[in-house]
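In this text, residue positions in the sequence shown follow the UniProt record's numbering: the first is 1, and each later residue adds one.
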Amino acid sequence: MKHFDVAVIGSGPSGATTAFYLAEAGISTVIIEKATLPRYKTCGGGLVFRGRNSLPFDISEVVEKEFHRVDIFLGEKLHFKTYREEPSITMVMRDTFDKLVTDKAQAAGATLLENHKLQSLTFENDQITLITSQGILTANFVIAADGALSPTAKLAGWTEDTRKLIPALEYEVEVSDADFERLSKEVRFDIDAIPYGYAWNFPKKKHLSIGVASARRTKINLKKYYQAYLETLGITEIISESQHGFQIPVMPRTDGFVRNNVFLIGDAAGFADPITAEGISNAIYSGKLAAEAIIETDMHLQEAGALYTAKLEAGLLPEIQTGVWLSKWFYEQKTVRNLLARKYGQRIVEEMLNVFHGKRSYPKNVKQKLKAKIKELVF
Numbered sequence: 001m002k003h004f005d006v007a008v009i010g011s012g013p014s015g016a017t018t019a020f021y022l023a024e025a026g027i028s029t030v031i032i033e034k035a036t037l038p039r040y041k042t043c044g045g046g047l048v049f050r051g052r053n054s055l056p057f058d059i060s061e062v063v064e065k066e067f068h069r070v071d072i073f074l075g076e077k078l079h080f081k082t083y084r085e086e087p088s089i090t091m092v093m094r095d096t097f098d099k100l101v102t103d104k105a106q107a108a109g110a111t112l113l114e115n116h117k118l119q120s121l122t123f124e125n126d127q128i129t130l131i132t133s134q135g136i137l138t139a140n141f142v143i144a145a146d147g148a149l150s151p152t153a154k155l156a157g158w159t160e161d162t163r164k165l166i167p168a169l170e171y172e173v174e175v176s177d178a179d180f181e182r183l184s185k186e187v188r189f190d191i192d193a194i195p196y197g198y199a200w201n202f203p204k205k206k207h208l209s210i211g212v213a214s215a216r217r218t219k220i221n222l223k224k225y226y227q228a229y230l231e232t233l234g235i236t237e238i239i240s241e242s243q244h245g246f247q248i249p250v251m252p253r254t255d256g257f258v259r260n261n262v263f264l265i266g267d268a269a270g271f272a273d274p275i276t277a278e279g280i281s282n283a284i285y286s287g288k289l290a291a292e293a294i295i296e297t298d299m300h301l302q303e304a305g306a307l308y309t310a311k312l313e314a315g316l317l318p319e320i321q322t323g324v325w326l327s328k329w330f331y332e333q334k335t336v337r338n339l340l341a342r343k344y345g346q347r348i349v350e351e352m353l354n355v356f357h358g359k360r361s362y363p364k365n366v367k368q369k370l371k372a373k374i375k376e377l378v379f
């Protein structure tokens, strides 16, 4: 029976990056992946600059496109454009991106076990036994990086899901040469293209990733709004399209992120941005915090969990909690939001891009600022 210091479940960006940091520090680490890499992963594939910039290695070889300009449409009348010298959004396909990050982790010393589906966890004497579809191993720590569904969290004792998961629908779409030429020059977001949500157009090398997401956890005919969005984009001919439905956790768990030396990171913890639903950058960041906690405490079982929680509470959680409130206001208070957008829209969009670039976080006093601006406009 093979023993590792840390077992990371899932080879997505959060899991593989965490494994990279741990292995680089000399900690024996295994990545347990249920599929064979590379494998398709449902995701818009838009990596914001702060996420890309936080990676400890270059990813140029798997970049599909880079966009310095972002177009944001608010209804039919308001249109804002932003430009940055660094690429605000980098487009990747998750099969090649995840494979690259996992390769980097392996090069640093991590072990990869493909086609190993985790089946159970048992806890005894500060050691965790993991039974997979292909065998048994043990570890001192387990890091759950297995996404929004996170079977690992359930196996570790998180029986109630306290996150907020929102519905999304994404298509990989091949269009005519003329439509691709027209739509492949910038990233586009259309707020309110779907009730309480938005639609997006993410150009890749040879096709478009087009999707819709609702900020409300509710039943909704996403396909109907996707079809309407195609009309908004002016797409007249679809050569091929592949549909993928998924859920995005945009509110963190309320019952902790560490249990029995199992650490939750990324979507398993509920760390996607509540306003944009972008999850890769916070997933990478939370994985780094988990790795730091284990490294800095010299793998002390109790201290590592406490330090990881403290690191989350020092920065990431307050930002997400502010984002949760701001998202509810942004998508549900349309009349007041549009009133503010007519006067301050460009400034608001520029500040959002500053968040994308890691130059600022969501302001903690956002409620007071919004009330002041609304009062200024009304009175």
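For each residue, glycine too, the CB sits at the ideal point set by N, CA and C.
Just to confirm my understanding: we take residue i, look at its own chain, exclude 5 residues before and 5 after, and list those with CB closer than 8 Å. What are they?
i	result
glycine 15	Val8, Ile9, Ile31, Ile143, Ala145, Asp146, Ile265, Gly266 and Gly287
alanine 25	Ala291 and Ile295
threonine 132	Ile32, Leu113, His116, Lys117, Leu118 and Gln119
valine 366	Thr322, Trp325 and Leu326
Take the Cβ of residue i as the centre, count every other Cβ of all protein chains shown within 10 Å, and call the residue buried at 16 or more, exposed below.
i	result
tyrosine 198	buried
proline 274	buried
serine 150	buried
glycine 356	The question names glycine, but residue 356 in the sequence shown is phenylalanine. Buried, since its Cβ has 16 or more Cβ neighbours within 10 Å.
glutamate 237	exposed
asparagine 140	buried
asparagine 201	buried
proline 13	buried
phenylalanine 379	Low confidence applies here, because phenylalanine 379 scores a pLDDT of 48, under 50, leaving its location unreliable; read the following figure in that light. Classification of phenylalanine 379: exposed, given that the 10 Å Cβ count is below 16.
threonine 36	exposed
tyrosine 171	buried
aspartate 58	exposed
threonine 122	exposed
tyrosine 40	exposed
threonine 17	buried
Short of 6 Å in beta carbon distance, which residues of its chain neighbour residue i, apart from the five on each side in sequence? Order them along the chain.
i	result
arginine 163	Pro249, Met251, Arg253 and Gly270
glutamate 174	His207, Ile239 and Ser240
glycine 51	Ile280, Ser281 and Ile284
valine 63	Thr90
Looking at the secondary structure, which residues open and close the alpha helix (DSSP H) in which residue i lies?
i	result
leucine 121	Taken as a continuous stretch (DSSP letters only), leucine 121 belongs to no alpha helix (DSSP H), being part of the beta strand (DSSP E) at 118 to 124.
serine 54	49 to 54
glutamate 332	317 to 332
isoleucine 284	280 to 296
alanine 271	The sequence as given places phenylalanine at residue 271; alanine does not occur at that position. Run containing phenylalanine 271: none; DSSP gives neither H nor E here.
Using 8 Å for Cβ pairs, my map puts residue i next to residue j. What's the rounded Cβ distance?
i	j	result
tyrosine 362	threonine 322	4 Å
lysine 185	methionine 93	That pair is no contact at about 19 Å.
asparagine 261	glycine 211	Actually they are not in contact, since the Cβ atoms of asparagine 261 and glycine 211 sit about 37 Å apart, beyond 8 Å.
glutamate 124	leucine 100	Not confirmed; about 37 Å, so no contact.
arginine 188	aspartate 71	5 Å
Could you check where the beta strand (DSSP E) with residue i kicks off and where it finishes?
i	result
isoleucine 89	89 to 92
proline 167	164 to 175
glutamine 247	238 to 251
glutamine 127	127 to 132
alanine 213	208 to 214
threonine 138	135 to 144
lysine 81	78 to 83
phenylalanine 263	262 to 264
Leaving out five residues on either side along the sequence, give the residues of the same chain with a beta carbon under 7 Å from the beta carbon of residue i.
i	result
methionine 1	Ile136, Leu137 and Thr138
glutamate 278	Gly46, Val48 and Ala272
leucine 233	Leu183 and Asn201
residue 400	Lying before the first or after the last residue shown, residue 400 is absent from the chain, which here runs from 1 to 379.
glutamate 350	Thr82
Using a Cβ-Cβ cut-off of 8 Å, state whether residue i counts as contacting chain C.
i	result
alanine 268	Any reference to chain C falls outside this structure, which holds one protein chain only.
Report yes or no: do three or more beta-carbon pairs, one from the segment 168 to 187 and one from the segment 251 to 270, lie closer than 8 Å? no
Does the segment 17 to 33 come within contact of the segment 111 to 118, defined as at least 3 CB pairs closer than 8 Å? yes
Can you find at least 3 beta carbon pairs, one from the segment 85 to 97 and one from the segment 112 to 129, that sit closer than 8 Å? no
Inspect the CB distances between the segment 41 to 55 and the segment 309 to 317 and report whether three or more fall short of 8 Å. no
Quick check: the segment 66 to 85 against the segment 94 to 107, are there 3 or more CB pairs under 8 Å? no
Do the segment 188 to 198 and the segment 152 to 160 meet, that is, are 3 or more Cβ pairs less than 8 Å apart? no
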